[in-house]
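These notes concern the structure reproduced below.
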Amino acid sequence: MLTIVGLYALVAIWEANGVSPETYLVDVLLRVQTNPNSRIGDLLLLAWMRRRARPSRQQALD
């Protein structure tokens, strides 16, 4: 079970990596509903940051 201290630690890790906790949580909580179990690693912080750093198809077209 996640305690308050654990939650503060997660928020500190996200902020130390330049990630908005709100942005990360909203994105991950929406994706976890449809994400296959075999790709659960895609929702971890480092994989999430790499995916966000890649230019999207729309950005490439602009």
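Counting from 14, one number per residue, gives the positions in the sequence shown under the numbering used here.
In this text, a Cβ means the ideal position worked out from N, Cα and C, and glycines have one as well.
Assigned with DSSP and collapsed to three states, T16 falls in coil, not helix or strand. About 5 Å separates the Cβ atoms of P34 and V24, confirming a contact at the 8 Å cut-off.
Between L56 and W27, the gap from beta carbon to beta carbon reaches 8 Å or more.
Just so you know, the alpha carbons of N48 and P68 end up roughly 21 Å apart.
In the structure shown, P34 falls within a helical segment according to DSSP collapsed to helix, strand and coil.
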